Amino acid sequence: MFRILTVTLVMLWTGLLTAQCPEGDVTISSEEEALAYLEKFPNCETLTGNFTIGPPNGQGATRIEKLPVFEKIKIIKGNLTIHKNQWLKVAPEFPQLDTVGGHLTFKENVDFAGVVAFPVKAVGGDFSVACASWKAFIELRAPELVRIGGTLWVNANLSWYSFFPKLKTVGQAINIYDQPAKISQLNDFHQLESCDRINLSMHNKDLTISGFEKLKNIQGLDLELKTSGSIQMGNLKPDYITLNGLPSDLQLNFLKGITSLRSLNLYEMPSDALKYFPNLRKVGFAYFNSRDRNSWGAVGNLPQIDTVNNLILG
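Residues 18 to 331 in our numbering are what the sequence shown spells out, letter by letter.
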């Protein structure tokens with residue numbers, strides 16, 4: 018009898034928790050809708066679908082400036098999307114949010130400028146932050162984030178300090194694009210242990226980079242930098258490398274230990290670009306394009322490489 022009563026109480030409690038949350042997807046398109054949601058589901062902790070703050074069906078834009086705090090939400094099993102809020106002044110707050118099962122996206126909030134903070138620990142899909150206006154200025158914070166199942170996309174005018182101090186795993190790529198050139202230091206990713214590819218397109222002439230000490234083997238590394246500052250990226254051993262338009266005086270000492278590559282692409286590079294790879298002996302595919310209009314100069318040190326299966330000069 019006691020066991021039956023216990024099971025019954027558990028079922029009733031589970032049903033009560035389910036009733037405290039809406040079924041399926043939720044879209045908030047106005048401050049009034051946010052207040053109505055919180056009034057109807059004040060204790061909702063787990064959403065089974067997508068949670069969107071933006072226009073219905075993704076059409077047009079909202080007039081949301083600021084929303085009440087979503088204090089109780091801990092888990093969103095679908096996507097969390099905050100987009101197309103043209104008047105947004107304060108980013109929505111989710112102080113207890115622990116997990117987003119799908120993508121977490123903040124984009125097309127036209128003139129938003131301020132702090133975008135998520136206490137989330139795990140994102141199952143992509144984590145994307147994009148700024149629609151280069152006049153806007155964003156400070157991104159994800160201090161508890163440990164895992165991203167997909168790709169980290171950052172394409173914004175950012176104030177960058179240490180946004181991801183606990184991040185250990187990125188399932189696919191890290192893509193960081195900085196236009197205009199506002200980020201002066203990328204001193205993050207010290208805990209990162211797993212990532213397939215890193216793409217950095219950053220244009221501050223005083224940029225310094227440090228971190229990635231725990232990350233060893235990755236598939237690809239793409240660098241488009243304008244800086245002559247200090248670049249420290251641990252002891253990365255990529256299979257594919259692309260270098261694009263790097264200053265001739267930039268030091269990339271972390272590449273010196275590389276002995277073989279599946280692919281090496283040099284775009285708009287100085288003619289002595291192979292100086293970055295003094296121990297390189299084997300390349301599967303190589304493309305060299307020299308900005309000093311001397312294509313052969315880009316391979317002036319080619320004899321150091323024992324094997325090149327396919328070579329193209331641009």
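We put the CB at the ideal spot given by N, CA and C, even for glycine.
No experiment lies behind these values; they were computed from the predicted model shown.
request  = Enumerate in chain order the residues of its own chain whose CB-to-CB distance from residue 240 is below 6 angstroms, with the five nearest sequence positions on each side excluded.
outcome  = The residue given as residue 240 occupies position 223 in the sequence shown. For residue 240, where only same-chain residues beyond five positions count, the Cβ hits under 6 angstroms are 217, 260.
key: DSSP three-state assignment for residue 118, whether helix, strand or coil   = Translated into positions along the sequence shown, residue 118 becomes position 101. Residue 118 falls in the coil class under three-state DSSP.
task = Go to residue 53, then tell me how far its alpha helix (DSSP H) extends in each direction, as first and last residue.
result = In the sequence shown, residue 53 corresponds to position 36, counting from 1. Annotation: the continuous alpha helix (DSSP H) that includes residue 53 extends over 48 to 57.
message = If contact is defined by three or more beta carbon pairs under 8 angstroms, each pair taking one atom from either stretch, is the region 42 to 52 in contact with the region 110 to 121?
response = The answer is no - the region 42 to 52 does not touch the region 110 to 121, with fewer than three Cβ pairs under 8 angstroms.
Continuous beta strand (DSSP E) stretch holding residue 100: start and end = On the sequence shown, position 83 is the one that residue 100 refers to. Segment 97 to 100, the beta strand (DSSP E) holding residue 100.
query = For residue 271, does the three-state DSSP call read helix, strand or coil?
reply = Numbered from 1 along the sequence shown, position 254 holds the residue referred to as residue 271. In the three-state reduction of the DSSP assignment, residue 271 falls in the helix class, which pools H, G and I.
ask   = By Cβ distance below 7 angstroms, which residues in the same chain neighbour residue 141 in space, the five residues on each side in sequence not counted?
value = For the purposes of this step, residue 141 is taken as the residue at position 124 of the sequence shown. So the qualifying residues of the chain are 117, 118, 119, 166.
request  = Can you give me the start and stop residues for the beta strand (DSSP E) that residue 195 sits inside?
outcome  = To locate residue 195, count along the sequence shown from 1; it is residue 178. Start and end: 190 to 195.
Beta carbon of residue 280 nearer than 8 angstroms to that of residue 257 = Locating residue 280 in the sequence shown gives position 263, where the first residue counts as 1. Locating residue 257 in the sequence shown gives position 240, where the first residue counts as 1. Cβ atoms of residue 280 and residue 257: closer than 8 angstroms.
ask   = Just to confirm, are residue 45 and residue 69 a CB contact at a threshold of 8 angstroms?
value = Against the sequence shown, residue 45 aligns to sequence position 28. Against the sequence shown, residue 69 aligns to sequence position 52. Closer than 8 angstroms, so yes.
Residue 219 - containing beta strand (DSSP E), residue span = Your numbering for residue 219 matches position 202 in the sequence shown. Note, residue 219: beta strand (DSSP E), 214 to 219.
Within the region 141 to 177, ranges of the beta strand (DSSP E) (whole runs, at least 3 residues) = Within the region 141 to 177, the beta strand (DSSP E) runs of at least 3 residues that lie entirely inside it are, in chain order, 144 to 147, 155 to 158, 169 to 172.
ask   = To the nearest whole angstrom, what separates the beta carbons of residue 47 and residue 79, a pair I think is in contact under 8 angstroms?
value = Residue mapping note: residue 47 aligns to position 30 of the sequence shown, counting from 1. Residue mapping note: residue 79 aligns to position 62 of the sequence shown, counting from 1. So it is a contact: roughly 6 angstroms between Cβ atoms.
inquiry  = Tell me the DSSP secondary structure of residue 322 in three-state form.
reply    = Taking the sequence shown and counting its residues from 1, the one referred to as residue 322 is at position 305. The answer is coil: DSSP assigns residue 322 none of H, G, I, E or B.
inquiry  = Rounded to whole angstroms, what is the Cα-Cα separation between residue 85 and residue 211?
reply    = Residue mapping note: residue 85 aligns to position 68 of the sequence shown, counting from 1. Residue mapping note: residue 211 aligns to position 194 of the sequence shown, counting from 1. In a straight line, the C-alpha of residue 85 is about 36 angstroms away from that of residue 211.
inquiry  = What would DSSP say about residue 75, mapped onto helix, strand or coil?
reply    = What you label residue 75 is simply residue 58 of the sequence shown in a count that begins at 1. Residue 75: helix per DSSP, three-state reduction.
query = If you count every other CB in all the chains shown that lies within 10 Å of the CB of residue 73, and 16 or more means buried, which is it?
reply = As a first step, residue 73 is located in the sequence shown; it is residue number 56 there, counting from the start. Label assigned to residue 73: exposed.
query = Can you tell me whether residue 145 is buried or exposed, with buried defined as 16 or more other CB within 10 angstroms of its CB?
reply = Numbered from its first residue, the sequence shown carries residue 145 at position 128. That one is buried.
With 16 other Cβ atoms within 10 Å as the buried cut-off, status of residue 288 = By one-based count along the sequence shown, residue 288 stands at place 271. By the neighbour-count criterion, in which a residue is buried when 16 or more other Cβ atoms sit within 10 angstroms of its Cβ, residue 288 is buried.
ask   = Helix or strand or just coil, what does DSSP make of residue 224?
value = Taking the first residue of the sequence shown as 1, we reach residue 224 at position 207. DSSP, reduced to helix, strand and coil, places residue 224 outside both helices and strands of the structure shown, so it counts as coil.
key: Whole-angstrom C-beta distance between residue 95 and residue 126, which should lie under 8 angstroms   = The residue given as residue 126 occupies position 109 in the sequence shown. The residue given as residue 95 occupies position 78 in the sequence shown. Going by Cβ atoms, the distance from residue 126 to residue 95 rounds to 20 angstroms, so no, they are not a contact pair.
task = State the CB to CB distance for the pair residue 173 and residue 158, rounded to an integer number of angstroms; the pair is presumed to be in contact (CB under 8 angstroms).
result = Within the sequence shown, residue 173 is the residue found at index 156, counting from 1. Within the sequence shown, residue 158 is the residue found at index 141, counting from 1. Not really, about 13 angstroms apart at Cβ, beyond 8 angstroms.
message = For the beta strand (DSSP E) containing residue 68, name the first residue and the last one.
response = Residue mapping note: residue 68 aligns to position 51 of the sequence shown, counting from 1. For residue 68, the enclosing beta strand (DSSP E) stretches over residues 68 to 70.
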